[in-house]
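Residue numbers (my numbering): 9 to 285. Take a look at the structure below.
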């Protein structure tokens, strides 16, 4: 069905699922904790949410160089997520803005380093196994929005059972648990990806910047930046807006996961259209 070895498909799909389940566990709903129990201002909340974009400015390039020259990609993923687990647990119990911002910025640096590596590892092993990347990689990518949605529904289930929603730190704890699972999967189950295999060829800063001279790529980058800005607005305000309008704290993750569930359905629909083409 997938046009590839089943074992490889399951490993890559688990990697993609967990990578985005970690993010989806805390990102949509942490703002409600910051604006609610912690009494942070909108500006302070914005700075906390800016840590991931800040990390994404340069950490993908750093991670790519390390994976290309020195360390197996799967070991970088495992190490970064293990450190991320510790930082997420610490963040869950910090209540002062300066301390929490520092911890979340450190976390963002490690997490941002893993984002390009899951893609490059996937592409490398699909190519090494003579799999049609354009036709088959969407079957792996589709687990990203599914993970975001399921993380939200699972967090609502946790809040129903354990009554953890009022303080809101449970989203960071769930992300930490998922992160350690991701670290185990990456270190123990992902196929070996030695230096030179996990990073995209020609990943130097100069070559990346040179791609901006290609009009289609430049348009893609501009649209991506606008979309990212709109997502920041959505995640900063929606959870607290829902609570202010009567949605119980325990139900907010599931309510916000509707957007990710819709995205997952749209991804599957587009996937079917692409495969048919």
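Idealized CB from N, CA, C, for every residue including glycine. Quick caveat, the model's predicted, so the values are computed rather than measured.
How many Å lie between residue 39 and residue 53 at the Cα? 7 Å
Going by DSSP, what residue range makes up the alpha helix (DSSP H) through residue 194? 178–196
Look up residue 104 in the DSSP assignment and say whether it is helix, strand or coil. coil
Which whole-angstrom value describes the C-beta separation of residue 99 and residue 111, a residue pair presumed to lie in contact below a C-beta threshold of 8 Å? 5 Å
In angstroms, rounded to a whole number, what distance separates the CA positions of residue 167 and residue 173? 5 Å
Sequence-distant residues of the same chain with beta carbon closer than 7 Å to residue 287, five excluded per side: This structure gives no information on residue 287, because the portion of the chain shown stretches from 9 to 285.
Under the three-state reduction of DSSP, which class applies to residue 141: helix, strand or coil? helix
Unbroken alpha helix (DSSP H) run spanning residue 234, endpoints: 223–252
Beta carbon of residue 116 nearer than 7 Å to that of residue 59: yes
How would you write the range of the alpha helix (DSSP H) that residue 63 sits in, first residue to last? 59–77
Residue 148 - containing alpha helix (DSSP H), residue span: 146–149
Is the segment 143–157 close to the segment 16–28, with three or more CB pairs under 8 Å? yes
Residue 258 classed as buried or exposed, judged by whether at least 16 other C-beta atoms fall within 10 angstroms: buried
Are the CB atoms of residue 123 and residue 75 within a distance shorter than 7 Å? no
Sorted by chain position, which residues of the same chain lie with C-beta nearer than 7 Å to residue 260's C-beta, five sequence neighbours on each side aside? 37, 40, 247, 250, 251
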